[in-house]
Amino acid sequence: YSDDDANSDASSACSERSFSSRNGGAGPHFLRQTEDVAEVLNHCASSNWSERKEGLLGLQNLLKSQRMLRVELKRLCEIFTRMFADPHSKQVFSMFLETLVDFIVLHRDDLQDWLFVLLTQLLKKMGADLLGSVQAKVQKALDVTRESFPFEQQFNILMRFIVDQTQ
């Protein structure tokens, strides 16, 4: 994402001022929270690993504060799907797995459509050559996934995964 997009600092400041002037000063806090989420997601989607790490830290803070991300859910699932395949450092991947666990716990009811991707990516990572500490985090994410979704749905996904020759 370029610095010129609608979420740049300059446009954020302008939109915040114009919003507060239109509404008699009410509402900029909500607007700022919305912009913060957009900024965090932009960092998570960055091609720069240190920006992704910064985005994951911001996302962890949002999730730990029980901030529901319903509007941004689809975009976040797309970003997480890319992070599974990303050649990022072990430190960033480890942080991604920690964030993923918090995300699943908070949004389990909204992730039914993404469960296939989540479960198959975690299973693929279990079969990869990973450090023991990272492997333990993948296992924790799998455990949380198993506890968070209906067993029948998980079973159907596992059967598709096993039978699919392309996996």
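According to the UniProt record's numbering, the sequence shown is numbered sequentially starting from 1. Even glycine gets a Cβ: it sits at the ideal position worked out from N, Cα and C.
Residue span of the alpha helix (DSSP H) that contains residue i, given as start and end
i           : result
residue 67  : First-last for residue 67: undefined, no H or E at that position.
residue 112 : Unbroken run through residue 112: none, as it is neither H nor E.
residue 130 : Counting along the chain, residue 130 falls outside any alpha helix (DSSP H), and DSSP gives it neither H nor E.
Beta-carbon contacts of residue i that lie in its chain and below 8 Å, excluding the five residues immediately before and after
i           : result
residue 141 : 97, 100, 101, 104 and 122
residue 134 : 90, 93, 94 and 97
residue 157 : 115, 116, 119 and 120
residue 125 : 84 and 138
Own chain, CB closer than 6 Å to residue i, minus 5 neighbours either side, in chain order
i          : result
residue 84 : 121
residue 43 : 51, 54 and 55
residue 64 : none
residue 58 : 40
Close-in-space but distant-in-sequence residues of the same chain around residue i (CB under 7 Å, 5 per side omitted)
i           : result
residue 131 : 90
residue 76  : 41 and 69
residue 149 : 108 and 115
residue 72  : 37 and 41
residue 80  : 100
Simplified DSSP assignment, three categories, for residue i
i           : result
residue 168 : An answer regarding residue 168 cannot be provided, because it is not within the stretch 1 to 167 covered by the chain.
residue 155 : helix
residue 164 : coil
residue 47  : coil
residue 149 : coil
residue 78  : helix
residue 101 : helix
residue 39  : helix
residue 54  : helix
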